[in-house]
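Beneath this line is the structure, given in structure tokens, with notes to follow.
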Amino acid sequence: MEKEKHVLVIFPHPDDEAFGVSGTILTHTKNGTPVTYICCTLGEMGRNMGSPPFANRETLPAIRKKELEHACKVMGIKDLRLFGLRDKTVEFEDIDELADRFNSAIDELQPSLIITFYPGYSVHPDHDACGAAVIHAVGRMPKEKRPVVHCVAFSNGCEKEIGEPDILRDVSAVAEEKILAIQSHRSQFGAFMQGRALKRGMEDEQVMKRIRTERFWTYRWPD
Amino acid sequence: MQPIEPREVQKAVEQLCGKELYIHLETTNGAYASHYDTTFLNAGGFIRNAKIQYTRGKITGNGPYRVGLKMENGWVYAEGLTDWEIDGKGRLLLAGHNSDGKLAVALELSEEPF
Numbered sequence: 004m005e006k007e008k009h010v011l012v013i014f015p016h017p018d019d020e021a022f023g024v025s026g027t028i029l030t031h032t033k034n035g036t037p038v039t040y041i042c043c044t045l046g047e048m049g050r051n052m053g054s055p056p057f058a059n060r061e062t063l064p065a066i067r068k069k070e071l072e073h074a075c076k077v078m079g080i081k082d083l084r085l086f087g088l089r090d091k092t093v094e095f096e097d098i099d100e101l102a103d104r105f106n107s108a109i110d111e112l113q114p115s116l117i118i119t120f121y122p123g124y125s126v127h128p129d130h131d132a133c134g135a136a137v138i139h140a141v142g143r144m145p146k147e148k149r150p151v152v153h154c155v156a157f158s159n160g161c162e163k164e165i166g167e168p169d170i171l172r173d174v175s176a177v178a179e180e181k182i183l184a185i186q187s188h189r190s191q192f193g194a195f196m197q198g199r200a201l202k203r204g205m206e207d208e209q210v211m212k213r214i215r216t217e218r219f220w221t222y223r224w225p226d
Numbered sequence: 018m019q020p021i022e023p024r025e026v027q028k029a030v031e032q033l034c035g036k037e038l039y040i041h042l043e044t045t046n047g048a049y050a051s052h053y054d055t056t057f058l059n060a061g062g063f064i065r066n067a068k069i070q071y072t073r074g075k076i077t078g079n080g081p082y083r084v085g086l087k088m089e090n091g092w093v094y095a096e097g098l099t100d101w102e103i104d105g106k107g108r109l110l111l112a113g114h115n116s117d118g119k120l121a122v123a124l125e126l127s128e129e130p131f
């Protein structure tokens with residue numbers, strides 16, 4: 004993996020980084036590369052409330068914020084920026100305004116790499132809208148000044164349309180810390196990856212393959 | 018939250034009757050429903066901090082429960098409600114959770130904006 008100057012991660016929800024990207028983030032921070040995480044919402048509309056419920060619609064945002072801060076600590080991220088949008092509304096925001104906010108962060112941080120969702124191939128409308136605003140922001144920068152953008156995609160059959168991911172990164176070396184990062188988001192993955200489920204999960208070839216390998220598509224600009 | 022006790026909820030609903038209130042009403046299957054089952058029509062609705070005032074409010078059913086609020090010119094209702102609480106800010110929170118503890122519906126009333 005190339006040593007980056009600064010990595011900027013942009014996702015809409017606390018936990019979006021957990022399965023697909025936290026191993027990559029850990030690899031960067033262990034390399035001494037600063038990582039900034041812009042998280043657009045606090046996942047206010049998350050559905051996991053536990054049984055019996057440990058949260059309600061009004062207490063969930065504060066819980067998820069704490070979980071996100073914990074995950075950042077585990078991942079070695081020192082710069083977490085909360086953009087204050089509301090979960091499930093990103094696609095209804097003005098894309099230019101959101102891109103303006105991304106552009107000012109890019110101008111300030113001068114990242115060599117941005118990690119976000121692949122617009123159109125990331126299932127959740129917030130994911131697609133967030134990715135689209137990032138691509139919009141970077142796309143209007145002069146070609147020679149654009150940072151590299153690595154996208155995460157996972158919609159059904161996305162490989163048919165955008166091809167296979169060009170980056171398959173083995174993050175086995177940081178797998179244990181990655182699992183800690185996933186576990187930070189307790190309200191979302193409460194039953195998953197805890198206790199016996201964790202033991203079963205780690206014995207499960209498919210789960211561990213998913214944990215060990217992170218996949219990215221390098222965004223290719225049409226111009 | 019705790020499992021709905023209909024008589025208690027009925028009292029709470031009646032106490033808010035006639036007041037100017039802010040409402041949060043939401044139904045959801047989760048954003049991934051049609052990702053896992055492509056034949057599934059994912060539908061939901063969400064309204065937050067709209068103002069309402071109702072002339073009658075009632076909880077019905079044997080659990081999960083339904084709550085209907087009759088307004089001067091219309092209705093609000095939610096079904097599938099399983100749990101409730103009056104939170105530290107005096108707001109009436111009602112929610113329906115499925116067997117995995119996932120929220121499927123929420124109906125909340127507050128005298129102040131959420």
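So the sequences go chain by chain: A and B.
Residues in the first sequence are numbered consecutively from 4, following the working numbering.
Residues in the second sequence are numbered consecutively from 18, following the working numbering.
Every residue, glycine too, gets a C-beta built ideally from N, C-alpha and C.
All figures in this text were calculated on a predicted structure; none of them were measured in a lab.
Asked, Found
"Chain A contacts made by the stretch 40 to 58 of chain B, where a contact means CB separation under 8 Å", "His41, Glu43, Thr45, Gly47, Ala48, Tyr49, His52, Thr55"
"Exposed unless 16 or more other CB atoms sit within 10 angstroms - verdict on Ala60/B", "exposed"
"Exposure of Ile21/B, with buried meaning 16 or more beta-carbon neighbours within 10 Å", "buried"
"Cα-Cα separation, Ile165/A to Pro114/A", "25 Å"
"Whole-angstrom distance between Ala132/A and Glu94/A, CA atom to CA atom", "5 Å"
"Interface partners of Gly53/A on chain B, CB under 7 Å", "Gly118"
"Amino acids of chain A, ordered along the chain, whose beta-carbon sits closer than 9 Å to that of Ala112/B", "Met52, Pro56, Asn59, Arg60"
"Closer than 8 Å to chain A by CB, Ala95/B", "no"
"Test item: CB-CB of His278/A and Ala48/B under 8 Å", "Because chain A is modelled from 4 through 226, residue 278/A falls outside the range shown and cannot be assessed."
"Backbone secondary structure at Arg24/B - three-state DSSP", "helix"
"Rounded straight-line distance, which links the Cα of His16/A to that of Ile28/A", "16 Å"
"Residues of the stretch 114 to 145 of chain A whose Cβ lies closer than 9 Å to any Cβ of chain B, in chain order", "Val126, His127, Pro128, Asp129, His130"
"Residue of Glu5/A, Phe22/A, Lys6/A, His9/A minimising C-alpha distance to Lys181/A", "Phe22/A"
"Ala67/B classed as buried or exposed, judged by whether at least 16 other C-beta atoms fall within 10 angstroms", "exposed"
"Cross-strand partners of Gln19/B (DSSP beta bridge)", "Trp101/B"
"Range of the contiguous alpha helix (DSSP H) that encloses Ser116/B", "Unbroken run through Ser116/B: none, as it is neither H nor E."
"Partner residues on chain A for Ala123/B, Cβ-Cβ distance less than 9 Å", "Asn59, Arg60"
"Contact with chain A by Glu102/B, beta-carbon distance below 8 Å", "yes"
"Minimum Cβ-Cβ distance from Met18/B to chain A less than 8 Å", "yes"
"Cβ pair count under 8 Å reaching 3, the stretch 45 to 63 of chain A against the stretch 165 to 177 of chain A", "no"
"Stretch-stretch touch, CB-based, cutoff 8 Å, three pairs: the stretch 135 to 150 of chain A with the stretch 24 to 38 of chain A", "no"
"Runs of alpha helix (DSSP H) lying entirely within the stretch 15 to 55 of chain A, each at least 4 residues, in chain order", "21 to 33"
"Integer-rounded CB distance, given that Gly123/A should sit under 8 Å from Asp90/A", "In fact, because the Cβ distance is near 20 Å, the residues do not count as touching under 8 Å."
"Residue span of the alpha helix (DSSP H) that contains Phe57/B, given as start and end", "Element bounds for Phe57/B: n/a, residue is neither H nor E."
"Length of the line joining the Cα atoms of Met144/A and Lys6/A", "23 Å"
"For Ala156/A, the first and last residue of its enclosing beta strand (DSSP E)", "First-last for Ala156/A: undefined, no H or E at that position."
"Phe86/A to Phe131/B span [Cα, whole Å]", "19 Å"
"For Glu167/A, three-class secondary structure by DSSP", "coil"
"Proximal residues to His41/B (C-beta, below 6 Å), its chain only, five neighbours per side dropped", "Arg65, Glu125, Phe131"
"Three-state secondary structure assigned by DSSP to Ile138/A", "helix"
"Buried or exposed by the 16-neighbour rule on C-beta atoms within 10 Å, applied to Asn159/A", "exposed"
"Short Cβ contact (8 Å threshold) for Gln19/B with Trp92/B", "no"
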